[in-house]
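Engineer: Sharing a structure with you now.
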Ligand code: MEV
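Numbering (my numbering), first residue to last: 1 to 328.
Set out below in structure tokens:
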């Protein structure tokens with residue numbers, strides 16, 4: 001009888017977090033102007049944490065080709081540092097003893113994602129949100145959305161320079177947000193649903209770089225750039241009113257104006273401009289880049305019936321992928 005082993009109960013936790021798009025106000029939002037962002041539920045990050053027979057904390061994130069034990073990662077690793085942040089909230093290294101089938105193991109964290117990396121759809125913030133939620137359930141550490149949002153913001157600051165906090169906020173709360181940096185979170189209602197086509201240039205463009213470049217330009221000519229930020233902020237304000245009062249058709253022209261101002265901030269690119277033009281020529285009511293720019297994604301406002309035609313034309317003009325999403 002001496003060799004009989006009792007297989008232990010294996011504990012598994014699964015969480016997910018959606019992507020996002022900025023409708024209006026990117027970059028200006030870093031300078032305290034309002035911006036509008038909405039979740040995109042067609043793409044998401046999934047995190048699974050389970051007991052494992054191998055000792056330690058094993059992380060598997062095939063999207064970034066990461067298969068490593070936590071202690072082998074540098075302390076500022078974007079995923080490793082989020083895990084360490086949660087462990088430090090637990091006030092001690094969480095006891096991993098007794099885990100796995102033989103009671104000698106640790107935990108395994110599996111991260112998968114359909115959000116393209118560095119594309120303006122919030123992949124980094126979504127990984128952090130889903131990971132913190134999963135760790136908090138796994139270790140019975142109750143955290144509110146506000147706490148999660150703050151923790152993700154800390155991690156964004158570590159890795160993205162001077163973020164406004166809009167990405168972590170829209171992804172944590174998974175609701176449309178009207179965001180002003182350092183102000184209480186405001187969500188907004190959509191008076192009448194509208195359709196957006198999102199198209200990916202396929203060019204990965206780290207937000208940190210475009211935000212850093214805009215900062216350098218602003219430092220050289222504050223008057224000029226403050227007035228561009230003012231104009232963008234005004235557009236966000238008017239757009240919010242149009243959305244809330246059920247007049248989304250007004251957003252097309254506002255998108256076009258916002259895109260022009262983003263061009264002046266130097267964050268557009270030949271590929272983004274080409275897709276913006278292609279969308280307009282295919283019948284979109286308006287179009288603009290979305291997120292950090294230089295690459296990543298653009299968005300177009302369309303009548304629902306014309307969504308596939310605009311998406312097809314974007315693919316013909318070089319987009320690597322499109323998503324049709326209804327904002328409601
Ligand atoms: C990135 O999604 C939006 C930016 O405005 C940066 C930020 O707000 O942190 C470009």
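Heads up, the beta-carbon is just placed ideally off N, CA and C, and yes, glycines get one too.
Note down, one range per segment and in chain order, each alpha helix (DSSP H) of at least 4 residues found wholly within the segment 130-167.
Structural biologist: Qualifying alpha helix (DSSP H) stretches, in chain order: 145-160.
Engineer: With 16 other CB atoms within 10 Å as the buried threshold, where does residue 72 fall?
Structural biologist: Taking the first residue of the chain shown as 1, we reach residue 72 at position 72. With fewer than 16 Cβ atoms within 10 Å of its Cβ, residue 72 is classed as exposed.
Engineer: How about residue 265 and residue 27: are their beta carbons less than 8 Å apart?
Structural biologist: Mapped onto the chain shown, residue 265 falls at position 265. Mapped onto the chain shown, residue 27 falls at position 27. In contact: residue 265 and residue 27 (Cβ atoms closer than 8 Å).
Engineer: Residues bridged to residue 195 by DSSP?
Structural biologist: As a working mapping, residue 195 is identified with position 195 in the chain shown. Paired residues: 302, 326.
Engineer: Measure the alpha-carbon distance for residue 197 versus residue 206 and round it to whole angstroms.
Structural biologist: Residue numbering aside, residue 197 sits at position 197 when the chain shown is read from its first letter. Residue numbering aside, residue 206 sits at position 206 when the chain shown is read from its first letter. Distance between the alpha carbons of residue 197 and residue 206 is about 22 Å.
Engineer: Since residue 78 is in the beta strand (DSSP E), which residue starts that stretch and which ends it?
Structural biologist: Within the chain shown, numbered from 1, the residue matching residue 78 stands at position 78. Residue 78 -> not in any beta strand (DSSP E); alpha helix (DSSP H) instead, spanning 78-89.
Engineer: From the DSSP output, in three-state form, read off residue 365 for me.
Structural biologist: Since the displayed the chain opens at 1 and closes at 328, residue 365 lies outside it and no answer follows.
Engineer: With respect to the alpha helix (DSSP H) encompassing residue 338, which residues constitute its N-terminal and C-terminal limits?
Structural biologist: Given that the chain is displayed from residue 1 to residue 328, the structure contains no residue 338 and the question cannot be resolved.
Engineer: Just confirm the distance between the C-beta atoms of residue 171 and residue 126, as a whole number of angstroms; I'd bet it's less than 8 Å.
Structural biologist: Numbered from 1 along the chain shown, position 171 holds the residue referred to as residue 171. Numbered from 1 along the chain shown, position 126 holds the residue referred to as residue 126. That pair is a contact at about 5 Å.
Engineer: Rounded to whole angstroms, what's the CA-CA distance from residue 329 to residue 243? Just pull it up for me.
Structural biologist: The requested residue 329 does not occur in the structure, where the chain is confined to residues 1 to 328.
Engineer: Would residue 262 pass as a contact of residue 269 if the rule is Cβ separation under 8 Å?
Structural biologist: For the purposes of this step, residue 262 is identified with residue 262 of the chain shown, where counting begins at 1. For the purposes of this step, residue 269 is identified with residue 269 of the chain shown, where counting begins at 1. No; because the gap between Cβ atoms is not below 8 Å, this pair is not in contact.
Engineer: With a CB to CB cut of under 7 Å and the five nearest residues on each side skipped, what residues in its chain are close to residue 151?
Structural biologist: Translated into positions along the chain shown, residue 151 becomes position 151. Excluding sequence neighbours, residue 151 sits near 85, 132.
Engineer: How about residue 30 and residue 164: are their beta carbons less than 8 Å apart?
Structural biologist: Here residue 30 is taken as the residue at index 30 of the chain shown, counted from 1. Here residue 164 is taken as the residue at index 164 of the chain shown, counted from 1. Cβ atoms of residue 30 and residue 164: closer than 8 Å.
Engineer: Am I right that residue 13 and residue 111 are in contact with their C-beta atoms under 8 Å? What's the rounded C-beta distance?
Structural biologist: Taking the first residue of the chain shown as 1, we reach residue 13 at position 13. Taking the first residue of the chain shown as 1, we reach residue 111 at position 111. Not really, about 13 Å apart at Cβ, beyond 8 Å.
Engineer: Below 8 Å on the Cβ atoms is my contact criterion, and I expect residue 79 with residue 59 to pass it. Report the Cβ-Cβ distance as a whole number of Å.
Structural biologist: The residue you call residue 79 lines up with position 79 of the chain shown. The residue you call residue 59 lines up with position 59 of the chain shown. Confirmed, about 6 Å.
Engineer: Check residue 288 in the structure and name its three-state DSSP category.
Structural biologist: For this step, residue 288 is matched to residue 288 along the chain shown. Here residue 288 sits in strand by DSSP.
Engineer: Looking only at its chain, what residues have a beta carbon closer than 7 Å to the beta carbon of residue 240, apart from the 5 residues adjacent to it on each side?
Structural biologist: Position 240 of the chain shown, counted from the start, is the residue given in the question as residue 240. Contacts found: 36, 178, 188.
Engineer: Going by C-alpha distance, which of 312, 275, 224, 137 is nearest residue 289?
Structural biologist: On the chain shown, residue 289 is found 289 positions in, with the first residue counted as 1. Minimum Cα distance to residue 289 is reached at 275.
Engineer: Taking all protein chains shown into account, do 16 or more other C-beta atoms lie within 10 angstroms of the C-beta of residue 20, making it buried, or fewer, making it exposed?
Structural biologist: Reading the chain shown from its first residue, position 20 is the one you call residue 20. So residue 20 ends up on the buried side.
Engineer: Quick one: residues in its chain with C-beta nearer than 8 Å to the C-beta of residue 115, no 5 flanking neighbours on either side, listed in chain order?
Structural biologist: In the chain shown, counting from the first residue as 1, residue 115 sits at position 115. For residue 115, where only same-chain residues beyond five positions count, the Cβ hits under 8 Å are 19, 43, 44, 45, 121, 122, 123, 126.
Engineer: Which word fits residue 221, buried or exposed, when buried means at least 16 other C-beta atoms lie within 10 angstroms of its C-beta?
Structural biologist: In the chain shown, residue 221 corresponds to position 221, counting from 1. Under this definition residue 221 is an exposed residue.
Engineer: Please determine whether the Cβ atom of residue 164 lies at a distance below 7 Å from any heavy atom of ligand 1.
Structural biologist: Within the chain shown, numbered from 1, the residue matching residue 164 stands at position 164. At least one heavy atom of ligand 1 is nearer than 7 Å to the Cβ of residue 164, so yes.
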